[in-house]
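Note sheet for the following structure.
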Amino acid sequence: MSNATQLIHSIPVDPLTGSISVPIYQTSTFVQEAPGVNKGFDYARSNNPTRQVLENVIAGLEGGKAASAFASGLAAIDAVLKLLESGDEILAVNDIYGGAFRLFTHIYAKFGIKVNYVDTTDIVNVLDAINSRTKLVWLETPTNPTLKISDIEAIAGIAHQNGALLCVDNTFASPALQQPLNLGADLVVHSATKYLSGHSDLIAGLVVSKTGELGDKIKFIQNASGAILSPHDSWLVIRGVETLFLRVREHSRNAFAVARFLETHPAVDKVFYPGLATHQNHDIAQKQQSAFGGIVSFTLKDDTQEAATKVVCSTRLFKLAESLGGVKSLLCHPATMTHKSIPAEKRRSAGVSDSLIRLSVGLEDSQDLVEDISQALSRVNAEIEKTKNYQYQS
Ligand SMILES: Cc1ncc(COP(=O)(O)O)c(C=O)c1O
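Numbering (our numbering), first residue to last: 7 to 400.
Below is the structure:
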């Protein structure tokens, strides 16, 4: 049976009523027959039937033993970090999502957890940086926003040889394209705000654990810290995920068309898309992903914030907004938006240059999207021509 069929039928029909849609159990508590005698639910922070369906569906989708749903992707990341103790170290991909960087550096550093940021696209760097205090290796692949690819299987091997867990933020690829647990990772996190829900209408996060033991630890943290996903938002993610395979296939097709167009444009300097043969780790992406996803980033020959601002303010279909993975195309300027919490030098050295623009390619017609980007880029071209003429005349 295909993964898409399995996913759709892993969403259960309600056993009480036959409802084809999962019921939303909008309740805070559950009546008990006697103290401790209940139907498997006692208090809705600890467990909720709607959330439980979502958690089971996502665990199955990622090939894990258990999943826990959180109020945001960052709350999910936070739960994984709570597995650590003071004195432990994290080895993390250097081109990391800005919010994860902020959490690691400004919250967990205070509690004695050190983070080493490393370019994990080359496993030699991972081998060099890992040490006996490293308890967690943190990957995003593809990364946000420069779409860097790291070899999950090879890095899982290095992490395990050194007694560390490997956690992969699988937000960008989604389980429709990549299943890190099957490649050796111990944990997967998602900003379910993105492709899993897929409609830009909620904030949610998930942690998926490979083993029941890790799953129990994360469940304990979920209940103890309390950042759970509400029943209604759980239902929305379930509804979104039903069309995951369909959407991600189309996002990938559209993104490829946009990436190919950008490669040929005179105002564009570099295009970052794992599907392009020019991508640094295209071969690894081909090995571990079934397609290349809906995100494309690019830089301009005029590598300035001003030029990037001109482009992001000139598109009509691509809306200027943070976030990604929804039906409508979005674009953003990471240096001043999603990644502004990373110091400029650190940001630039991780490849997030001043003119970098990130596109979340949606489900509109690809030709319309190419035309929209084309007309926005022509404004930068016109600006360059104007400057050249002015310099020539003066
Ligand atoms: C790769 C990645 N991980 C985690 C997060 C955090 O997710 P959330 O915004 O749902 O807290 C984001 C948000 O953009 C992200 O892009």
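Using N, Cα and C, we set each Cβ at its ideal position, and we do this for glycine too.
Please confirm whether any heavy atom of ligand 1 lies closer than 7 Å to the CB of residue i.
{"i": "Ser372", "result": "no"}
{"i": "Asn150", "result": "yes"}
{"i": "Tyr31", "result": "no"}
{"i": "Tyr103", "result": "yes"}
{"i": "Ser197", "result": "yes"}
{"i": "Ser303", "result": "no"}
{"i": "Glu146", "result": "yes"}
{"i": "Thr177", "result": "yes"}
{"i": "Gly79", "result": "yes"}
{"i": "Ala106", "result": "yes"}
{"i": "Ser329", "result": "yes"}
{"i": "Ile64", "result": "no"}
{"i": "Gly357", "result": "no"}
{"i": "Gly211", "result": "yes"}
{"i": "Ile83", "result": "yes"}
Can you tell me whether residue i is helix, strand or coil according to DSSP?
{"i": "Asn122", "result": "strand"}
{"i": "Phe110", "result": "helix"}
{"i": "Arg139", "result": "coil"}
{"i": "Ile363", "result": "strand"}
{"i": "Lys293", "result": "helix"}
{"i": "Ser372", "result": "helix"}
{"i": "Thr152", "result": "coil"}
{"i": "Ile14", "result": "helix"}
{"i": "Val19", "result": "coil"}
{"i": "Ala170", "result": "coil"}
{"i": "Val318", "result": "helix"}
{"i": "Phe117", "result": "helix"}
{"i": "Glu146", "result": "strand"}
{"i": "Ile161", "result": "helix"}
{"i": "Ile301", "result": "strand"}
{"i": "Lys307", "result": "coil"}
{"i": "Leu337", "result": "strand"}
{"i": "Lys352", "result": "helix"}
{"i": "Ala40", "result": "strand"}
{"i": "Asp175", "result": "strand"}
{"i": "Leu383", "result": "helix"}
{"i": "Leu282", "result": "coil"}
{"i": "Val130", "result": "helix"}
Taking C-beta to C-beta, are residue i and residue j nearer than 8 Å?
{"i": "Ile363", "j": "His339", "result": "yes"}
{"i": "Leu193", "j": "Thr199", "result": "no"}
{"i": "Leu67", "j": "Leu145", "result": "no"}
{"i": "Leu365", "j": "Leu337", "result": "yes"}
{"i": "Ala179", "j": "Pro148", "result": "yes"}
{"i": "Val376", "j": "Ala265", "result": "no"}
{"i": "Glu248", "j": "Ile102", "result": "no"}
{"i": "Thr321", "j": "Asp378", "result": "yes"}
{"i": "Thr152", "j": "Ser258", "result": "no"}
{"i": "Ile127", "j": "Ser92", "result": "The sequence as given places Thr at residue 127; Ile does not occur at that position. Cβ distance not < 8 Å, so Thr127 and Ser92 don't count as in contact."}
{"i": "Val274", "j": "Leu306", "result": "yes"}
{"i": "Lys141", "j": "Leu172", "result": "no"}
{"i": "Leu80", "j": "Leu109", "result": "yes"}
{"i": "Ile301", "j": "Phe107", "result": "no"}
{"i": "Ala73", "j": "Ile64", "result": "yes"}
{"i": "Lys37", "j": "Ile26", "result": "The sequence shown places Val at residue 37, rather than the Lys named in the question. Cβ atoms of Val37 and Ile26: not closer than 8 Å."}
{"i": "Gly299", "j": "Leu183", "result": "yes"}
{"i": "Ile136", "j": "Ile119", "result": "no"}
{"i": "Lys316", "j": "Val386", "result": "yes"}
{"i": "Gly69", "j": "Leu187", "result": "yes"}
{"i": "Ser361", "j": "Ala314", "result": "yes"}
Review point. Unbroken alpha helix (DSSP H) runs of length 4 or more, entirely within the stretch 196-277: which are they?
Key: Counting only runs of 4+ residues, the alpha helix (DSSP H) found wholly inside the stretch 196-277 occupies 218-231, 237-247, 250-269, in chain order.
Practice item. Output the residue ranges of the beta strand (DSSP E) runs that lie fully inside the stretch 45-99 and measure 3 residues or longer, sorted by chain position. Key: Restricted to the stretch 45-99, the beta strand (DSSP E) segments that are unbroken, complete and at least 3 residues in length are 72-76, 95-99, listed in chain order.
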